[in-house]
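Peer 1: Shown below is the structure under consideration.
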Amino acid sequence: MANVTEKRPGKPGDVERRGFLKLATGAGAGLLVLRSGALGAEAPNNKLNVAFIGTWGRASAHFGAVANENVVALCDINEKHMEGPAKRWPKAKTYVDWRKCLDQKDINAVICSTTDHTHAFVANWAMNRDMHCYCEKPLANTVEEARVVRANWLKRRDKVATQVGTQRHEIDNFNRVAELIRDGAIGELSQAHAWGNRQIRRKGYPPAESEPPPYLHYDLWIGPVPFHPYNPEYFRGGEGANCLQWNMYWDFGSGQIGDMGSHTMDLVWNAIDPVLPTTAQAESYPFGSQQAGNEKGKPAEPIPPHPEVTPVELHSQFDMPANNWRPAIKVNWWQGGMMPRTPRGYVDLNRIDHGAMFKGKNGFLVCDFGSRILLPFGDADDMTYYKPRTKEQLQPRVAGFQREWIEACKDPAKKKTHCDFDYSGTMIETMLLGLVAYRAGKKITYDPAKGVVTDVPEANAFLSKKYREGWTLNG
Ligand SMILES: NC(=O)c1ccc[n+]([C@@H]2O[C@H](COP(=O)([O-])OP(=O)(O)OC[C@H]3O[C@@H](n4cnc5c(N)ncnc54)[C@H](O)[C@@H]3O)[C@@H](O)[C@H]2O)c1
Numbered sequence: 002m003a004n005v006t007e008k009r010p011g012k013p014g015d016v017e018r019r020g021f022l023k024l025a026t027g028a029g030a031g032l033l034v035l036r037s038g039a040l041g042a043e044a045p046n047n048k049l050n051v052a053f054i055g056t057w058g059r060a061s062a063h064f065g066a067v068a069n070e071n072v073v074a075l076c077d078i079n080e081k082h083m084e085g086p087a088k089r090w091p092k093a094k095t096y097v098d099w100r101k102c103l104d105q106k107d108i109n110a111v112i113c114s115t116t117d118h119t120h121a122f123v124a125n126w127a128m129n130r131d132m133h134c135y136c137e138k139p140l141a142n143t144v145e146e147a148r149v150v151r152a153n154w155l156k157r158r159d160k161v162a163t164q165v166g167t168q169r170h171e172i173d174n175f176n177r178v179a180e181l182i183r184d185g186a187i188g189e190l191s192q193a194h195a196w197g198n199r200q201i202r203r204k205g206y207p208p209a210e211s212e213p214p215p216y217l218h219y220d221l222w223i224g225p226v227p228f229h230p231y232n233p234e235y236f237r238g239g240e241g242a243n244c245l246q247w248n249m250y251w252d253f254g255s256g257q258i259g260d261m262g263s264h265t266m267d268l269v270w271n272a273i274d275p276v277l278p279t280t281a282q283a284e285s286y287p288f289g290s291q292q293a294g295n296e297k298g299k300p301a302e303p304i305p306p307h308p309e310v311t312p313v314e315l316h317s318q319f320d321m322p323a324n325n326w327r328p329a330i331k332v333n334w335w336q337g338g339m340m341p342r343t344p345r346g347y348v349d350l351n352r353i354d355h356g357a358m359f360k361g362k363n364g365f366l367v368c369d370f371g372s373r374i375l376l377p378f379g380d381a382d383d384m385t386y387y388k389p390r391t392k393e394q395l396q397p398r399v400a401g402f403q404r405e406w407i408e409a410c411k412d413p414a415k416k417k418t419h420c421d422f423d424y425s426g427t428m429i430e431t432m433l434l435g436l437v438a439y440r441a442g443k444k445i446t447y448d449p450a451k452g453v454v455t456d457v458p459e460a461n462a463f464l465s466k467k468y469r470e471g472w473t474l475n476g
């Protein structure tokens, strides 16, 4: 496993946070506030030469963002999906194999919107050619992929700009939640929870059915993972939602962890200043059972791992070490109807499809992507200990999530992105460790520096996977 020991680089907003902490502890004189919109200031005149790997579906959400750049390459395993973009950018060269596309010498920035099982590959190959990379979430499909891609970026962070496609991060509520937690609105933090209720049930890989159409390069779609026969089912989804046709199969995705989990855990990640966890454990109980968090449900047997399909219901928990402003905490991910207990009966967490909850010594904070509620309670719930920020002290708004990356590409040493491959890499590594523990059937102890499970040797087999011949993760 890759050995990732480098310290995380500064992130946009770090200065403001540190400055405010000083103020909150009575040493306010030195408060340093960055000019609002400092990240969004003057862009150099030079244009990026952009390659789209994946040109349909989610990719089209990025077309507008590059309207002022040069699009010089388009790559899709489905030739029909390149027709529209090729009309829009007639000078762009077209490819069906992303490895060949990345040989094109004038490319300096890559936007990858392919299947999850190719993200870490494209990201590594792009960075190895000094190309900036915006990669759709999730950044990786295995713990090893997450570590390799993160280590790779940490070596190049001053020359290559990266961003993972968790664009909800630009919603101001992310900043407000983080400020409330950091500034102690609920007192000393002890737990964080994120959840999502999406349920997509499948029995196993679909059986062989018909031949792929001539314009669809199916073997390239399979790419690095073991071959599964063609079935049109993998391609029947609507534009931007086709990922729900394949992301629940182990070889192609990580189910709701890589899907909505990437967005929703981001609410927690942004607020807790995380590092990698030292333990992981996970369980799966049927939707509606007592163990799924429904107190009225019937007791049920746990659901064992399925060899082909990732779990629908899952609760994973991680021990997250202390940092310089909070103690060690428990971080939890819940999905498919498994839910944390509500802090008060009148708050129905089940009404929040994708949300997060933080527990502190003096109460709770519950939120979704766009709003939040505080529930102070306990002996010290008067909130006199908490001082709200002034407008000037608020963390600056993310001035356009894709734009932030484009500006960072033009000046990577100075301009940072919020969801770079370090921030997002540690998040997906952690979430994927939950799946490792689930498959191992045991709580695991993890050595974050070495990237190995130290107490359940058989769990190490689930940290990585074997690729098909001819495919290299870090080529
Ligand atoms: N950030 C978000 O809110 C958001 C929303 C939807 C999807 N996504 C992510 O975007 C990615 C794509 O999702 P989608 O629903 O558009 O999927 P999709 O199956 O429609 O694939 C998108 C495009 O990529 C092409 N493609 C697939 N594998 C390829 C490969 N190896 N090389 C070149 N082209 C390839 C497909 O033919 C298609 O044109 C997923 O990883 C998903 O998680 C993110």
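For the sequence shown, the positions run 2 to 476 when this note's numbering is used. Where a beta carbon is used, it is the ideal one built from N, C-alpha and C, also for glycine.
(1) Measure the alpha-carbon distance for L474 versus M128 and round it to whole angstroms.
(2) So the candidates are E137, N50, E309, Q105; which of them puts its Cα closest to the Cα of V165?
(3) When you compare each of H316, G361, I330, A323 to P341 by their alpha carbons, which one comes out closest?
(4) If I measure Cβ to Cβ from L395 and keep anything under 6 Å in the same chain, skipping five residues before and after, which residues do I get?
(5) Taking 6 Å as the cut-off, is the CB of M134 close to at least one heavy atom of ligand 1?
(6) Between the alpha carbons of L245 and T115, how many angstroms are there, rounded?
(7) For P478 versus R440, is the C-beta distance shorter than 7 Å?
(8) So for T427, helix, strand or coil by DSSP?
(9) DSSP has F365 in a bridge; who is on the other side?
(10) Residues bridged to C136 by DSSP?
(11) What whole-angstrom Cβ distance do F422 and A124 have, given they're in contact under 8 Å?
(12) Where does N142 sit, in a helix, a strand or coil, going by DSSP?
(13) My guess is that V457 and K443 are in contact by the Cβ rule of under 8 Å, so how many angstroms apart are they, rounded?
(14) Going straight from the alpha carbon of E430 to that of L277, what length do you get?
(15) Considering just the uninterrupted stretch of the alpha helix (DSSP H) at L190, what are its terminal residues?
(16) Grouping DSSP H, G and I as helix and E and B as strand, with all else coil, what is A381?
(17) Kindly indicate which three-state DSSP category F319 falls into: helix, strand or coil?
(18) What three-state label does DSSP hand Q291 in the structure shown?
(19) Where does G29 land, buried or exposed, given buried means 16+ other C-beta within 10 angstroms?
(20) For F359, which option in C368, R352, N351 has the closest C-alpha, if you only look at C-alpha atoms?
(21) On the CB-based measure, 16 or more other CB atoms within 10 Å of its CB, does N109 come out buried or exposed?
(22) Can you grab the Cα-Cα spacing for the pair M428 / W270, in whole Å?
(23) With a Cβ-Cβ cutoff of 7 Å, do P213 and Y231 count as a contact?
(24) Taking a contact to mean a Cβ-Cβ separation below 7 Å, would you say L217 touches N79 in this structure?
(25) Is D117 near ligand 1, in the sense that its beta carbon is under 6 Å from a heavy atom of that ligand?
(26) For the 8 Å Cβ check, are there 3 or more pairs between the segment 345–360 and the segment 200–213?
(27) Using alpha carbons as the reference points, say which of A283, V178, K299, M321 lies closest to G356.
(28) Going by alpha carbons, who is nearest to R345 out of T385, E393, F378, K204?
(29) Less than 8 Å between the CB atoms is what I'm expecting for S255 and L436, so what's the real figure, rounded?
(30) Exposed or buried, which one is D260 when buried takes at least 16 other CB atoms within 10 Å?
(31) Taking 8 Å as the threshold, find out whether the segment 404–424 comes into contact with the segment 148–168 through three or more Cβ pairs.
(32) For the segment 361–376 against the segment 178–188, are there 3 or more C-beta pairs whose distance is under 8 Å?
(33) Between H82 and the rest of its own chain, which residues show a CB-CB distance below 6 Å, the 5 nearest in sequence each way excluded?
(34) Note down the Cα distance separating L221 from Y424, rounded to an integer number of angstroms.
(35) Measuring from the CB of R59, is there a heavy atom of ligand 1 at a distance below 6 Å?
(36) Exposed or buried, what is D267 when buried is set at 16 or more other beta-carbons lying within 10 Å of its beta-carbon?
Peer 2: The answer reads as follows:
(1) Here the C-alpha atom of L474 lies approximately 12 Å from the C-alpha atom of M128.
(2) If we check each option's Cα against that of V165, E137 comes out closest.
(3) With respect to the C-alpha of P341, the residue from H316, G361, I330, A323 having the closest C-alpha is H316.
(4) So the list is empty, once near-sequence residues are dropped.
(5) Reading the sequence as shown, one finds Cys at residue 134 and not Met. It does not: the Cβ of C134 is nowhere closer than 6 Å to a heavy atom of ligand 1.
(6) So the alpha carbons of these two residues sit roughly 13 Å apart.
(7) Outside the shown range of the chain, which is 2 to 476, sits residue 478, and nothing can be said about it.
(8) In the three-state scheme derived from DSSP, where H, G and I count as helix and E and B as strand, T427 is classed as helix.
(9) The bridge partners DSSP lists for F365 are K360, L376.
(10) Beta-bridge pairing links C136 to C113, V165.
(11) A Cβ-Cβ distance of about 7 Å is found for the pair F422 and A124, placing them in contact under the 8 Å criterion.
(12) Of the three classes helix, strand and coil, the one that applies to N142 here is coil, per DSSP.
(13) That pair is a contact at about 5 Å.
(14) Rounded to whole angstroms, E430 to L277 spans 8 Å at the Cα level.
(15) Per DSSP, L190 belongs to no alpha helix (DSSP H); it is in the beta strand (DSSP E), 190–197.
(16) In this structure, A381 counts as coil in the three-state DSSP scheme.
(17) Taken through DSSP and simplified to helix, strand or coil, F319 comes out as strand.
(18) Assigned with DSSP and collapsed to three states, Q291 falls in helix.
(19) Below a pLDDT of 50, predicted positions are generally treated as unreliable, and G29, at 27, falls in that range; the measurement from the model is reported next regardless. Burial call: exposed.
(20) Across the set C368, R352, N351, the C-alpha of C368 shows the shortest separation from the C-alpha of F359.
(21) Within a 10 Å sphere around the beta-carbon of N109 sit 16 or more other beta-carbons, which makes this residue buried.
(22) If you draw a straight line from the Cα of M428 to the Cα of W270, it is about 7 Å long.
(23) In this structure, P213 places its C-beta atom within 7 Å of the C-beta atom of Y231.
(24) Here L217 is near N79, since their CB atoms are less than 7 Å apart.
(25) Yes - ligand 1 has a heavy atom lying nearer than 6 Å to the Cβ of D117.
(26) Judged by Cβ distances under 8 Å, the segment 345–360 makes no contact with the segment 200–213, as fewer than three pairs qualify.
(27) Here the closest residue by C-alpha is V178.
(28) From the listed residues T385, E393, F378, K204, the smallest Cα separation to R345 is found for F378.
(29) So it is a contact: roughly 6 Å between Cβ atoms.
(30) By the neighbour-count rule (16 or more Cβ atoms within 10 Å), D260 is buried.
(31) Because the criterion of three Cβ pairs below 8 Å is met, the segment 404–424 and the segment 148–168 touch.
(32) Segments in contact, yes.
(33) For H82, same chain residues with a beta-carbon under 6 Å away, outside a window of 5 residues either side, are T56, W57 in chain order.
(34) Computed Cα separation, rounded: 30 Å.
(35) True, at least one ligand heavy atom lies under 6 Å from that Cβ.
(36) With 16 or more other Cβ atoms within 10 Å, it is buried.
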